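Numbering follows our numbering, in which position 466 of the sequence shown is assigned residue number 470; successive positions increment by one, without gaps. A short write-up of the structure that comes next.
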Amino acid sequence: WTSLAATAANTPQSFTSFWDLIWNVATNPADTVNDDVYAATLGAVYKSTNGGTSWTTSLGGSTSAYSYFTDVKVTTKGVVYATLSSDGPQKGIWRSPNGITFTNILPVSGFPTSYNRMVIGVNPQNENEIYILGNTPGFGTPDTNYLGDLEWNSLWKYTYVSGTGDSAGGIWTNLSANLPNNGGLFDKYNCQGSYDIVVKVKPNDSNVVYIGGTNLYRSTSAFADTTHTTFIGGYKHGATLPVVNMFANHHPDQHVIFFSPTNPDVMYSGNDGGVFKTTNDTAATVAWSSLNNGYTNTMFYTVAVDHASPGNNIVIGGAQDNGSWYTNTANVTTPWVTPRGGDGSFCAIADNQTAYYFSIQNGKIMRATLDANGNVTNFARIDPIGGKNYLFVNPFILDPNNNNIMYLAGGKNLWRNNNLSGIPYASNWDSISTNWTEFPDTVPLAGSFITAVTVSTTPANRVYYGTDHGKLYRIDNANTGTPTEINISGTTYPNAFPANAYINCIAVDPLNANNLMVVFSNYSVYSIYYSSNGGTTWAKAAGNLEQNSSGSGNGPSCRWASIMHVSDGTVYLVATSTGLYATDTLKGTSTVFVQQVSNLIGNAVCDMIDVRPSDGLVVVATHSHGIYSTHITSVGNVADVPVTAEKDAFNLSNYPNPFSISTHITFQLNSNAMVTISVFDALGRKMTTLQNGELSAGKQEFTLQKNNFSDGLYYCVLTVNGVEQVRKMIVTH
């Protein structure tokens, strides 16, 4: 694929062109001379006669007032049909015999005055017949979805007779009353306010018409009645809450229908679950097969691993409209399984897989146990009674020191569960009150919502959380009572936080909770700030991820960050809208981040990172490309990041390494300095402090005894006048 230069605004941080949203593309098979292409975009329908090199405006195009929704189709004879929603000055349904002169063929009377998206289906056997399926508030057939929301939709048939096709030149038939409107909560036709909407006529049978919204339906009377309509895809027919099942080998939210050019009984369906195929589209019960094998395009919001089990291959993630997924192997051809449906959201694995946590849209959380294949063996819904104002993708975090404690964002309030293991696996589908505590008014600013939350390892029980209004708070000793938050938002120029920006992530150093990165995900604001003193002062740290030091310009949207200690230093990872980046040194606005795995992840949107320092595992959730993993155990594993002189300044070393009885830790001081030497385990818990005070210049040596240390990975953290150096050490038999 090559970007068409005439359509590329090159401003990903903002909508600056109608080309930033394209509803449909159609080609003109009747023109054997020119390479005719039509594009239905936000606000306009454009035409190109040279394959997209240049474009002219066919309909719409005014930037002062325009239609949000458009559509375009072209018949085999070159007749063009287009729709523009009622919010624009050229609203209506348009016909052109040649793609040059357009006539609005909207009925003079009887048609809704308000209409959103309207899509077009041409009858291949009689191209003078077209179908218009539209979302028409207050007109047509009403449907109340499972949330109780009322939606109105319409279906029309238009037959061209003569002339320009308007007035007496065209016949309109209102078929809206025959839209599927019977059955259970998920059985009726619903397009979710124009999101999923498609209409198609079977190529060899004018009486067979297919429509799609959340579900897929077939009428063998061209929707002339309600008695010849069959439910053939999407949700399972008769699906009910709380477990909403899918139609066999199919998925809800329909966007595309097309047929094999050699066999019209073979139909393909494109929806939020991918691409599916049937070899008999007129069967009483349509049988589908998935064509998604090896097609890696799942849009993951989140990802999680077991932080306590080095070498373990279990990875889980929450995917947009595709549930929560599980794998226990690094083999890329092994299918994943889905322990939880819905819109996959935040997830977590308790240490050693003692429990799994999956959430879906609007803060609904399930605690579960899984068997070795990822199948749910026990479960309970655990989000708190009284929780409200959740985000669609709502954050929660397990305490790394005590996985039985969870902190949950709930609108402007923070929640804490003090004993998750005390919640019975009752197979319940309602929220609970067991062991939950609500922090009162943890977001003082009215209208703000908590958007990010994390909890420290060292020291324990420190919670940081951020809001959609650019405020950052800290709670010390958050594990008991309801202690008061401290506002630690950056306020000092030039390092003040951007006003009203969205904090999407707070990355805390697992060995020192005073070191933290705050990530703002908005475009056109400065994205990353760093503090080495628990939020007392801040410094900008996005470096070359920003075009300008103010945050303006074409820098990517930054989504997530991780601070990871490796054998010879520290790696800082940042997930962005243009891929994954890393550096080994933060140098304020001079920080140099380097794009990683450009040949695999490339410029895919990356939403989240999770790391396991004990074996260097790094997993990255992309929002279009699936999940990627690697192992980073050295700065040298990070692509093209230069080794910095600072991290070798003290020549920190230990010998022997690995060790079974004791090891000698050595380093060099060029002058007298305040020195701290601490040892942490793989989970970031402090095991001992060997030194805390002033030392004289020269070579230094300390001995660390194995004592009660269990076998495994440990970190020696040397701090000299506030500058840290980290070394990995291994205890073995």
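Yeah, the Cβ is synthetic: ideal placement off N, Cα and C, and Gly gets one too. None of these values were measured; they are calculated from a predicted model.
_Tell me which residues share the same chain as histidine 569 and place their Cβ nearer than 7 angstroms to its Cβ, disregarding the 5 neighbours each side in the sequence._
Leu515, Pro617, Tyr719 and Val730
_Excluding the 5 residues flanking threonine 692 on each side, which residues of the same chain have their C-beta closer than 8 angstroms to its C-beta?_
Ser682, Val683 and Leu708
*First and last residue of the uninterrupted beta strand (DSSP E) at aspartate 276*: Segment: none, aspartate 276 is in no beta strand (DSSP E) and carries neither H nor E.
*Would you grab the beta carbon distance between threonine 461 and arginine 689 for me? Rounded to a whole angstrom, and I think it's under 8 angstroms.*
6 angstroms
*My guess is that serine 581 and asparagine 301 are in contact by the Cβ rule of under 8 angstroms, so how many angstroms apart are they, rounded?*
That pair is no contact at about 16 angstroms.
*Touching by the beta-carbon criterion (3+ pairs, under 8 angstroms), the stretch 90-97 and the stretch 20-36*: no
*Using the C-alpha atoms, what's the distance from glutamine 704 back to asparagine 725?*
15 angstroms
*Shortest alpha-carbon distance to threonine 306 belongs to which of Thr244, Asn108, Ala352 and Thr45?*
Ala352
*Range covered by the beta strand (DSSP E) that runs through proline 146*: 145-148
_For asparagine 149, which residues in the same chain have their Cβ closer than 6 angstroms to its Cβ, ignoring the five residues on either side in sequence?_
Asn194
*asked:* Using CA atoms only, rank isn't needed, just tell me which of Asn130, Ser62 and Gly144 is closest to asparagine 108.
replied: Ser62
*Report the residue from Arg385, Ala308, Asp387 and Asn326 whose alpha carbon sits nearest the alpha carbon of aspartate 355.*
Ala308
*phenylalanine 19 versus Gly56, Tyr576 and Ser528, residue with shortest Cα-Cα distance*: Ser528
*Taking only runs of the alpha helix (DSSP H) that begin and end inside the stretch 250-310, which ones reach a length of at least 4 residues, in chain order?*
none
*Does DSSP put serine 52 in a helix, in a strand, or in coil?*
strand
_So, does the stretch 431-448 touch the stretch 393-403, judging by three or more C-beta pairs under 8 angstroms?_
no
_CA-to-CA distance, glutamate 133 to glycine 114, given in whole angstroms_ = 19 angstroms
*asked:* Between glutamine 600 and leucine 590, how many whole angstroms is the CB-CB distance? I'm expecting something under 8 angstroms.
replied: Going by Cβ atoms, the distance from glutamine 600 to leucine 590 rounds to 17 angstroms, so no, they are not a contact pair.
*Quick one: what's glutamate 550 bridged to in DSSP?*
Paired residues: none, contrary to the question.
*Excluding five sequence neighbours on each side, which residues of the same chain lie with their C-beta closer than 8 angstroms to the C-beta of asparagine 379?*
Val341 and Pro343
*So which of Gly322, Asp91 and Gln357 has the shortest CA-CA distance to threonine 140?*
Asp91
_Is the beta carbon of tyrosine 533 closer than 8 angstroms to that of glycine 592?_
no
*Below 8 angstroms between beta carbons: does that hold for arginine 121 and serine 66?*
no
*In or out: lysine 81 buried (at least 16 other Cβ within 10 Å) or exposed?*
exposed
*asked:* Rounded to whole angstroms, what is the Cα-Cα separation between glutamine 551 and glycine 559?
replied: 5 angstroms
*asked:* Quick check: valine 512 and threonine 458, are their CB atoms within less than 8 angstroms of each other?
replied: yes
_Identity of the residue in Asn417, Gly414, Ile409 and Gly415 nearest glycine 426 by Cα_ = Ile409
_Coarse secondary structure for phenylalanine 22, derived from DSSP in three states_ = helix
*Of all the beta strand (DSSP E) runs that stay within the bounds of the stretch 156-221, which reach a length of 3 or more residues?*
174-178, 202-205 and 213-216
*Return yes when the Cβ of valine 203 is within less than 8 angstroms of the Cβ of valine 213, no when it is not.*
yes
*Quick one, are the C-beta atoms of tyrosine 530 and glycine 555 less than 8 angstroms apart?*
yes
_In the DSSP assignment, the beta strand (DSSP E) including valine 126 goes from what residue to what residue?_
122-126
*asked:* Since tryptophan 59 and tyrosine 50 should fall inside the 8 angstroms C-beta cutoff, what is the C-beta to C-beta distance between them, to a whole number of angstroms?
replied: 4 angstroms
_Straight-line Cα distance separating proline 184 from glycine 138_ = 14 angstroms
*Taking arginine 466 and alanine 543 to be in contact with their CB atoms under 8 angstroms, please state how far apart those CB atoms are, rounded to whole angstroms.*
Incorrect: roughly 20 angstroms between the Cβ atoms, too far for contact.
*Tell me whether the beta-carbon of glycine 367 lies closer than 8 angstroms to the beta-carbon of glycine 346.*
no
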